[in-house]
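Accompanying notes for the structure given below.
Protein chains in written order, with my numbering: chain P, 4 to 618; chain D, 394 to 614.
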């Protein structure tokens, strides 16, 4: 076939496909049925919980590695053996009452999309309104469950009426039932595969009308920009999603605040809460459980509208923590954070004590004129040079590891701990070195003097010694034998680029001081696979490598012995505790808790992650 | 003691594996109220039956056969263990979603000591006469799991130097009634301030949960 004829064939195909594609797009855009249940709810809703694809998520969860591990967690294993009969009874009872087993409920009734929406109370509905929707996979089963529920309420005298709604030429039977006298009545209906339960007949009517595309009184939630933006903040795998629409609750919060005594502490606290709420554009949270267990939340705020105190606290903890760049990729436990302590102290620490409410003597009045406490003043001055970044990590201290230079160190615990603190110049514009660099010679000299005093005291059987090592042009100081440090521990410190590093061995501090960025936790592929992509520049972070901790405790009797000695446990209790701890640690391979604060808002999350199997 | 208090107390006594007749309050009320006496007897019979049945070797398809007998039209396709896992996962999801609201009473702080069981209905409306509490019945086995897990955690935490976090220490020696701290006050202030949001939400959730509490009508006081 010639090249020209082939080209013609492609062109013909394209010409034929174009109208077809246009037709599909036109039909899809003209389709009256909203794509998700959020399209059936008005945009003035206060709160929405959605469960998406529950059947598939549960199936993945049950077949997944985390659930397999949970099944072998001793308390769960024991419980599931003991409660097998309970589940059978529950299943039988569910079949008897509703005509569906719990498994059917989870897969065929609630297994697609479920939505639960709440509207705030107002004059017409003092309890607030609520709506439950489920897009069932089995409409017959849905009808059966509805009939059973209605029959059960008829038997108890709680069935009140049946209404027939005519919407767009279609009739819909709605059953009105009562749960308890002091609670709103519920309206139950089934429209094809859509199960509807609402506290108000009008809500049922609105849902059905929206489904038919005829209700345009209010915009749909799915078209609300805040809802759309909130959805993008969550992982696609999030099975359970919460969206809070703060604007719908503003009136209720203001009305409640108005009832409080304006001068009371309660009212002042609530005013801050209400002001923060009004600065919040939306709140969203998502739960993922299919492969890993993860809970994430995000509060989107208007930074300028936040109350001053909240804005100060947020700003003091905002930004990306730099310490992840200084923790090694193999850290078993890592903490990293940012708190601008001096900013908080200046903002909140300089407040004068509240004036007493009781009558006071003239002398007490004069006390208000006193200058600030000199101790506090000195603290504030020093605090200006501290932070905002800090961090700590725990790492295995393999003495045979590459680069060990200072010989064997303590062997009491097969881990090294390193703590780091960023410091800066006391005054940002004075051009002087960072606080840690100013303090380093003082601290070194203080340790020398303390060692001499220690050695002069004949009651001490162990001599203290201060050692100095040169590391890349800087001085690393370590001290051994000095009380109150444990025997065998060589406490060490060094200042690098304004960072104070302190650790439990000179090698640990040296490794921290010379760690290249590419070897850091921040650039570890495993760590980056564990942390949520929405929290990958955390302001605050706790990371625990459960697999590493498991290996450490399982392989090293020293670790258990050390911890048992610290806690004063006997051998048997320590072994028992160690077994339980290992059983707990096998549930996942890493735990990551992180918060990311920036101008846009506060994101936070906690994840239990299982490593992907090596292929 | 009222009939609804009797049922709560009875559940607590049975949870603690004690005999209802050994409890003075229960015994007094049961002597006066025939309905409650019957209720206690039926609970006792169920528990005794279950205890006896635990010692009887069962075939794996027992639950399938029981369910098939109850509802011939419906079949349970999954093997028992898988079904258990599915149920546990579904229940865990529901608990994760509903649990925080119900456990914390939907933003309403209780003035008394912390309740031993979740009380979604009681937190949002005063107890008036008899009320179905299916969540309590369902929560029973979960309490066992929570107890087992807490014990396991407590033993595991013995090794870790985490007393300062208030979660360590020997088994059964966790901090009780910790003193109020500034963060705790702040949290209370926050939850109080958000009561106009949490209270109606918990209220309507409770209404929906009660829809499923298909319990036979209770003629007791």
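Where a beta carbon is used, it is the ideal one built from N, C-alpha and C, also for glycine.
All values reported here derive from a predicted model rather than from experimental measurement.
- Counting only the Cα atoms, residue 200 of chain P lies some 5 Å from residue 191 of chain P.
- Bridge partners of residue 90 of chain P according to DSSP: none are assigned.
- Selection P:421, P:242 and P:282 evaluated against residue 330 of chain P yields P:421 as nearest (Cα-Cα).
- Note: residue 207 of chain P is not bridge-paired with any residue in the DSSP secondary-structure output.
- The bridge partners DSSP lists for residue 295 of chain P come to none.
- Secondary-structure assignment with DSSP links residue 132 of chain P through a beta bridge to P:122.
- Those residues of the stretch 117 to 142 of chain P placed with their C-beta closer than 8 Å to a C-beta in chain D are 119, 121, 123, 124, 130, 131, 132, 133 and 135, ordered along the chain.
- Exclusion of the five residues before and after residue 67 of chain P leaves 293 and 294 as the residues of its chain whose Cβ lies within less than 7 Å of its Cβ.
- For residue 399 of chain P, the enclosing beta strand (DSSP E) covers residues 389 to 399.
- Proximity of the stretch 388 to 397 of chain P to the stretch 424 to 433 of chain P meets the contact definition, three or more beta-carbon pairs being nearer than 8 Å.
- Residue environment analysis places residue 231 of chain P among the exposed positions, since fewer than 16 neighbouring C-beta atoms fall within 10 angstroms of its C-beta.
- Going by DSSP, residue 419 of chain P is part of the beta strand (DSSP E) stretching over 418 to 426.
- Fewer than three pairs of CB atoms, one per stretch, sit closer than 8 Å, so the stretch 255 to 267 of chain P makes no contact with the stretch 204 to 218 of chain P.
- Within chain P, no residue has its beta carbon less than 8 Å from that of residue 407 of chain D; the closest one is some 14 Å off.
- For the options P:152, P:105 and P:166, the alpha carbon positioned closest to that of residue 160 of chain P is the one of P:152.
- Excluding the 5 residues flanking it on each side, residue 518 of chain P has same chain C-beta neighbours closer than 7 Å at 329 and 331, in chain order.
- Interface with chain D (8 Å Cβ-Cβ cutoff): residue 269 of chain P is included.
- Of the candidates P:553, P:546, P:583 and P:585, P:546 places its Cα closest to the Cα of residue 611 of chain P.
- Secondary structure note for residue 161 of chain P: it is in no beta strand (DSSP E), with a DSSP letter that is neither H nor E.
- Rounded to the nearest angstrom, the gap between the Cα atoms of residue 317 of chain P and residue 601 of chain P is 8 Å.
- At a cut-off of 8 Å between beta-carbon atoms, residue 551 of chain D makes contact with chain P.
- Here the C-alpha atom of residue 473 of chain P lies approximately 14 Å from the C-alpha atom of residue 443 of chain P.
- Residue 581 of chain D is classed as exposed because its beta carbon has fewer than 16 other beta carbons within 10 Å across all chains shown.
- With a threshold of 16 other beta carbon atoms within 10 Å, residue 560 of chain P falls short and is exposed.
- Residue 477 of chain P places its beta carbon less than 8 Å from that of residue 499 of chain P.
- Bounds of the alpha helix (DSSP H) holding residue 316 of chain P are 311 to 319.
- Contact between residue 302 of chain P and residue 283 of chain P holds: CB atoms are separated by about 6 Å, below the 8 Å threshold.
- Contact of residue 581 of chain P with chain D is assigned, a C-beta pair being separated by under 8 Å.
- Between the stretch 176 to 185 of chain P and the stretch 101 to 115 of chain P there are fewer than three C-beta pairs closer than 8 Å, too few to call the two in contact.
- If you look at residue 195 of chain P, you'll find it isn't in any alpha helix (DSSP H); DSSP assigns it neither H nor E.
- Proximity of chain D to residue 186 of chain P at the Cβ level (cut-off 8 Å) is accounted for by 518, 596, 599, 600 and 603, in chain order.
- Under the 8 Å criterion on CB atoms, residue 587 of chain D is classed as interfacial with respect to chain P.
- Between the C-alpha atoms of residue 497 of chain P and residue 304 of chain P there is a straight-line separation of about 40 Å.
- Contact between the stretch 523 to 541 of chain P and the stretch 330 to 348 of chain P is established, with three or more Cβ pairs separated by less than 8 Å.
- In the structure shown, residue 329 of chain P adopts coil according to DSSP, grouped into three states.
- When 9 Å is used as the limit between beta carbons, residue 435 of chain D is near no residue of chain P, the shortest such separation being about 14 Å.
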